[in-house]
Amino acid sequence: MRNPSAPAALAAVVLAMAANLAAPASSTAAPPAAGPAAFTVDTTSDAVDADPSDGRCRTAAGACSLRAAVMAANSRPGSTITLPPGHYRLTIPPDPRLIIGDHPDPTTGDLNVNAPTTIQGSGARSAVIDANRLDRAFRMRADTRLSDLTITGGSAKQRELPFTDTGGGAIANAQHMTLRRVAVTGNSAGYGGGIFNVPDSHLDLIDSTVSGNVAGEAGGIRFDDSGTVTNSTIADNRVTDPGDRPGSLGGYGGGIDIRGLGPVEIVNSTITGNRSSDGGGGINIAPAYLDSLPRPIPDLLDLPLGRLTLRNSLVANNTVNGTSADCKKAFATIASQGHNIDGDGSCRLTAAGDLPSRTPLLGPLADNGGPTDTAALLPGSPALDAADDCPATDQRGVARPQGTACDIGAYEHTS
């Protein structure tokens, strides 16, 4: 049974404790004279750096593993790690004594990024980081850029209190993170099946796909602060039994769950095939957990505390308990900048060029060319030539427009 009095107080505690993730770990601070370096990973084994303080990527065997490269980069802020084709599987289980707190052990479990770092893969279909169901893949405590790789196999167990070990099946992000041409797929967590962004963080998701992730809340991405989603696909994520989350806090947001006050903007993106047991199947937006208050209070006091902006985007075929439910908001605003499609009208789009309650004629998530999977527009789709002021290319890198105007969503139809 939902507890109508608990959410506001609990939300304040939860958000305050989540901020602990953002505090830098003093034990991994870089030496003042250490400058950026370039590391190229040359083994798929999961081995630790022999001496992280020397700023070199070198395991005991003399190789440069992904884990060793991250450990070395933590002592040299601004470094770049290059990841050749390969399946990089994490094999060192987390130490239960060390996974909670401000100083997580970098030698076990997930990869802890504590200094600004760029990780460049060889392509999302060729460079795969697999957390092997041992832990999440990454814990980001510094500005990070990831490109051209896949993150899969992450599994983060939710610990509501203390909250320093947050959700995020693939990534727990506490700073400014950019993902470009990245696939986040097949991960699970108590919340944020793919990505969890804590307060005071920011996510830029560009030309990427978040799909097939599972959580007790926020199947694909959870935002507790600001972010942008551009030319990207959020598809086939799901929220499972809300019993995976305590009290009244589970079941919301199959694709995206927005809980912070920072603005989130979605541009030329496709959100489809996501499922949940409450809230919005595609997009759920409610600061803290105000949507868990007794209904109809959210409708009577619909204050604009959170803000989502949609432009040239397609939100369709998302469900709650099998019933169409693309969007749900409480104490928040969903603002349209025009030229969006909302399959069931629940996003309440009214700007110029919006097409509410329209069947999008959308194919399944598939390899349609390009670095990551997309959902293709089928012939006759109302999304064709219906967008305006779009990016120069679609998610696959296909030039826009291919017709008289750009297409709505992440995919540009070619004849």
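Just so we're aligned, residue 3 is where the sequence shown starts under my numbering, counting upward by one. Idealized CB from N, CA, C, for every residue including glycine. These figures come from a predicted structure and were not determined experimentally.
- The alpha-carbon of D132 is positioned some 7 Å away from that of G156.
- With 16 or more other CB atoms across the displayed protein chains lying within 10 angstroms of its CB, S149 is buried.
- Distance from V317 to G284 at the Cβ level is roughly 5 Å; contact confirmed, criterion being Cβ atoms closer than 8 Å.
- L68 sits in a helix when the DSSP states are folded into three classes.
- Annotation for A220: Y193, G194, G255 and D259 place their beta carbon closer than 6 Å to its own, counting only its chain and skipping 5 residues before and after.
- Inter-segment contact for the region 222-234 and the region 352-362 is absent: fewer than three beta-carbon pairs are separated by less than 8 Å.
- Excluding five sequence positions before and after V400, the CB atoms of its chain that fall closer than 7 Å to its own CB belong to E414 and T416, given in chain order.
- Taking the Cα of G222 as reference, the smallest distance to any Cα among A185, D202 and S203 is reached at A185.
- P366 sits in a strand when the DSSP states are folded into three classes.
- Looking at the backbone, the Cα of I121 and that of A75 are separated by about 10 Å.
- Distance from the Cα of G80 is smallest, within the candidate group V72, A52, T119 and L113, for T119.
- Under DSSP, R240 forms a beta bridge with V216 and R277.
- Residue nearest to N233 within the set A129, E267 and T93 is E267 (criterion: CA-CA distance).
- Following the DSSP letters along the chain, one finds C329 inside the beta strand (DSSP E) bounded by residues C329 to K331.
- Residue burial is scored here from C-beta neighbours: D369 has fewer than 16 other C-beta atoms within 10 angstroms and is therefore classed as exposed.
- Between the beta-carbon of N239 and that of G214 there is about 7 Å, and that keeps the pair under the 8 Å contact cut.
- The beta carbon of P108 is closer than 6 Å to those of M73 and N114 in its chain, skipping five residues each way along the sequence.
- Taken through DSSP and simplified to helix, strand or coil, S81 comes out as strand.
- Across the set D112, N116 and T42, the C-alpha of T42 shows the shortest separation from the C-alpha of T82.
- Pairing S326 with A412 gives a Cβ-Cβ distance that is not under 8 Å.
- Looking at the DSSP output, M142 bridges to V115 and N175.
- The DSSP-derived three-state label of D107 is coil.
- Inclusion of L310 and I287 in the CB contact set at 8 Å is warranted, their separation being smaller than that value.
- Contact between A172 and I197 holds: CB atoms are separated by about 6 Å, below the 8 Å threshold.
- Contact between D51 and C59 is confirmed by a C-beta separation of about 6 Å, below the 8 Å threshold.
- Burial is judged here by how many other beta carbons sit within 10 angstroms of a residue's own beta carbon; P98 has fewer than 16 and is exposed.
- Excluding the 5 residues flanking it on each side, D145 has same chain C-beta neighbours closer than 6 Å at P118, Q177 and H178, in chain order.
- Checking the DSSP bridge columns, you'll see A318 partnered with T274.
- Here A394 is exposed. Its C-beta has fewer than 16 other C-beta atoms within 10 Å.
- Nearest C-alpha to T352 among T230, R147, S47 and R313: R313.
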